[in-house]
Amino acid sequence: MLIAAGTLAGIMESRRLAVRVDQLEAFLRFLSRAQTEIRFAALPVEQIVQRHGGELQFLKRCASGCSGGMPFTVAWQDSVNAAAKEKSFLPGDIDLLRSFGEGFGASDVEGQISHCELYTELIGERLKNARDEKEKKSKLYLTLGVFGGLVAALVLC
(Lines of atoms letter the chains of each structure in order from A and count residues from 1; the text may use other names and numbers.)
(Lines give C-alpha, C1' and ligand atoms only; values in the text may rest on other atoms or scores of the structure.)
Protein backbone atom coordinates (compact mmCIF):
# COMPACT_ATOMS: atom_id res chain seq x y z
CA MET A 1 0.00 0.00 0.00
CA LEU A 2 2.79 2.42 0.88
CA ILE A 3 4.60 1.79 -2.39
CA ALA A 4 1.39 2.38 -4.32
CA ALA A 5 0.69 5.57 -2.36
CA GLY A 6 4.20 6.87 -3.03
CA THR A 7 3.91 6.02 -6.71
CA LEU A 8 0.54 7.74 -6.91
CA ALA A 9 1.96 10.86 -5.25
CA GLY A 10 4.78 10.90 -7.81
CA ILE A 11 2.33 10.48 -10.67
CA MET A 12 0.13 13.29 -9.37
CA GLU A 13 3.04 15.70 -9.04
CA SER A 14 4.27 14.76 -12.51
CA ARG A 15 0.77 15.30 -13.88
CA ARG A 16 0.63 18.77 -12.30
CA LEU A 17 3.65 19.76 -14.39
CA ALA A 18 1.99 18.44 -17.56
CA VAL A 19 -1.26 20.28 -16.80
CA ARG A 20 0.62 23.58 -16.43
CA VAL A 21 2.23 23.08 -19.85
CA ASP A 22 -1.18 22.30 -21.37
CA GLN A 23 -2.76 25.37 -19.76
CA LEU A 24 -0.03 27.71 -20.99
CA GLU A 25 -0.24 26.27 -24.51
CA ALA A 26 -4.00 26.76 -24.52
CA PHE A 27 -3.60 30.37 -23.37
CA LEU A 28 -1.09 31.01 -26.17
CA ARG A 29 -3.63 29.67 -28.68
CA PHE A 30 -6.22 32.01 -27.17
CA LEU A 31 -3.84 34.96 -27.52
CA SER A 32 -3.22 34.12 -31.16
CA ARG A 33 -6.94 33.88 -31.91
CA ALA A 34 -7.66 37.06 -29.96
CA GLN A 35 -5.01 38.93 -31.91
CA THR A 36 -6.51 37.74 -35.19
CA GLU A 37 -10.04 38.72 -34.13
CA ILE A 38 -8.86 42.15 -33.04
CA ARG A 39 -6.90 42.74 -36.23
CA PHE A 40 -9.53 41.61 -38.72
CA ALA A 41 -12.88 41.94 -36.97
CA ALA A 42 -12.23 44.50 -34.20
CA LEU A 43 -14.50 42.52 -31.89
CA PRO A 44 -15.01 43.57 -28.27
CA VAL A 45 -12.98 41.58 -25.77
CA GLU A 46 -16.08 40.01 -24.23
CA GLN A 47 -16.99 38.44 -27.57
CA ILE A 48 -13.42 37.28 -28.15
CA VAL A 49 -13.36 35.50 -24.80
CA GLN A 50 -16.77 33.94 -25.47
CA ARG A 51 -15.74 32.75 -28.94
CA HIS A 52 -12.26 31.46 -28.18
CA GLY A 53 -12.11 30.80 -24.46
CA GLY A 54 -13.49 27.26 -24.53
CA GLU A 55 -10.21 25.48 -23.85
CA LEU A 56 -9.52 27.02 -20.47
CA GLN A 57 -11.81 26.87 -17.48
CA PHE A 58 -10.97 30.36 -16.28
CA LEU A 59 -11.82 31.81 -19.71
CA LYS A 60 -15.16 29.98 -19.68
CA ARG A 61 -15.82 31.47 -16.26
CA CYS A 62 -14.91 34.95 -17.54
CA ALA A 63 -17.23 34.56 -20.55
CA SER A 64 -20.00 33.41 -18.26
CA GLY A 65 -19.50 36.43 -16.00
CA CYS A 66 -19.58 38.80 -18.97
CA SER A 67 -22.77 37.14 -20.25
CA GLY A 68 -24.29 37.70 -16.82
CA GLY A 69 -23.70 41.45 -17.08
CA MET A 70 -20.46 41.64 -15.13
CA PRO A 71 -17.91 44.17 -16.46
CA PHE A 72 -15.05 42.47 -18.32
CA THR A 73 -12.31 43.52 -15.90
CA VAL A 74 -14.26 42.25 -12.91
CA ALA A 75 -15.13 38.97 -14.65
CA TRP A 76 -11.49 38.54 -15.68
CA GLN A 77 -10.11 39.14 -12.19
CA ASP A 78 -12.74 36.84 -10.67
CA SER A 79 -11.91 34.03 -13.09
CA VAL A 80 -8.14 34.44 -12.64
CA ASN A 81 -8.60 34.34 -8.85
CA ALA A 82 -10.54 31.08 -9.26
CA ALA A 83 -7.73 29.69 -11.44
CA ALA A 84 -5.22 30.60 -8.72
CA LYS A 85 -7.16 28.46 -6.25
CA GLU A 86 -7.15 25.50 -8.65
CA LYS A 87 -3.33 25.63 -8.68
CA SER A 88 -2.96 24.68 -12.34
CA PHE A 89 -0.88 27.82 -12.82
CA LEU A 90 2.06 29.01 -10.75
CA PRO A 91 1.81 32.36 -8.92
CA GLY A 92 3.97 34.02 -11.61
CA ASP A 93 1.59 32.74 -14.30
CA ILE A 94 -1.37 34.12 -12.35
CA ASP A 95 0.32 37.52 -12.08
CA LEU A 96 0.78 37.59 -15.87
CA LEU A 97 -2.84 36.62 -16.44
CA ARG A 98 -4.03 39.35 -14.09
CA SER A 99 -1.94 42.01 -15.78
CA PHE A 100 -3.04 40.81 -19.22
CA GLY A 101 -6.68 41.26 -18.24
CA GLU A 102 -6.06 44.76 -16.92
CA GLY A 103 -4.86 45.95 -20.32
CA PHE A 104 -7.02 43.78 -22.58
CA GLY A 105 -9.63 45.95 -24.25
CA ALA A 106 -8.25 49.18 -22.79
CA SER A 107 -6.84 50.72 -25.99
CA ASP A 108 -7.32 50.96 -29.74
CA VAL A 109 -6.83 48.13 -32.23
CA GLU A 110 -3.08 48.66 -32.65
CA GLY A 111 -2.62 48.90 -28.89
CA GLN A 112 -4.53 45.65 -28.41
CA ILE A 113 -2.46 43.87 -31.03
CA SER A 114 0.73 45.08 -29.34
CA HIS A 115 -0.67 44.01 -25.97
CA CYS A 116 -1.36 40.50 -27.29
CA GLU A 117 2.10 40.30 -28.89
CA LEU A 118 3.77 41.31 -25.62
CA TYR A 119 1.90 38.68 -23.63
CA THR A 120 2.51 36.07 -26.31
CA GLU A 121 6.23 36.59 -25.74
CA LEU A 122 5.91 36.61 -21.94
CA ILE A 123 3.72 33.52 -21.80
CA GLY A 124 5.96 31.85 -24.40
CA GLU A 125 8.93 32.26 -22.06
CA ARG A 126 6.95 30.80 -19.17
CA LEU A 127 5.86 27.92 -21.42
CA LYS A 128 9.46 27.19 -22.37
CA ASN A 129 10.41 27.12 -18.69
CA ALA A 130 7.40 24.92 -17.88
CA ARG A 131 8.37 22.44 -20.60
CA ASP A 132 11.95 22.34 -19.32
CA GLU A 133 10.74 21.83 -15.77
CA LYS A 134 8.36 19.08 -16.89
CA GLU A 135 11.12 17.31 -18.79
CA LYS A 136 13.56 17.50 -15.89
CA LYS A 137 11.30 16.91 -12.93
CA SER A 138 8.57 14.62 -14.21
CA LYS A 139 10.63 11.44 -14.02
CA LEU A 140 12.24 12.62 -10.80
CA TYR A 141 8.87 12.97 -9.05
CA LEU A 142 7.79 9.54 -10.20
CA THR A 143 11.05 7.95 -9.07
CA LEU A 144 10.97 9.74 -5.72
CA GLY A 145 7.39 8.63 -5.19
CA VAL A 146 8.20 4.99 -5.86
CA PHE A 147 11.35 4.98 -3.74
CA GLY A 148 9.74 7.04 -0.98
CA GLY A 149 6.94 4.49 -0.75
CA LEU A 150 9.45 1.66 -0.84
CA VAL A 151 11.53 3.18 1.96
CA ALA A 152 8.43 3.79 4.07
CA ALA A 153 7.35 0.17 3.54
CA LEU A 154 10.79 -1.13 4.50
CA VAL A 155 10.98 1.06 7.60
CA LEU A 156 7.59 -0.12 8.83
CA CYS A 157 8.37 -3.80 8.21
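Residue 3 is where the sequence shown starts when you use our numbering, and the numbers rise one by one after that.
By construction, the Cβ of each residue, glycine as well, lies at the ideal position given by its N, Cα and C atoms.
Item checked: Of the residues L152, R128, F149, the one placed nearest Q25, counting alpha carbons only -> Measuring C-alpha to C-alpha distances from Q25 to each of L152, R128, F149 identifies R128 as the nearest.
Margin query: Looking at S69: is its Cβ nearer than 9 Å to the Cβ of V21?
Written below: Their beta carbons are not under 9 Å apart, which means S69 does not touch V21 by this criterion.
Next item on the list: State the Cα-Cα distance for the pair Y143 and M14, rounded to the nearest angstrom.
Entry: The alpha-carbon of Y143 is positioned some 9 Å away from that of M14.
Item checked: Reduced DSSP category for M183 - H, G, I as helix; E, B as strand; rest coil -> For residue 183 there is no data in the structure shown, the boundaries of the chain being 3 and 159.
Checklist line | Where L156 falls, given that 16 or more other Cβ within 10 Å makes a residue buried | finding: Under this definition L156 is an exposed residue.
Check: Whose C-beta lies closer than 6 Å to the C-beta of E104 among residues of the same chain, with five residues either side of it excluded?
Finding: The answer is none, since no qualifying residue turns up.
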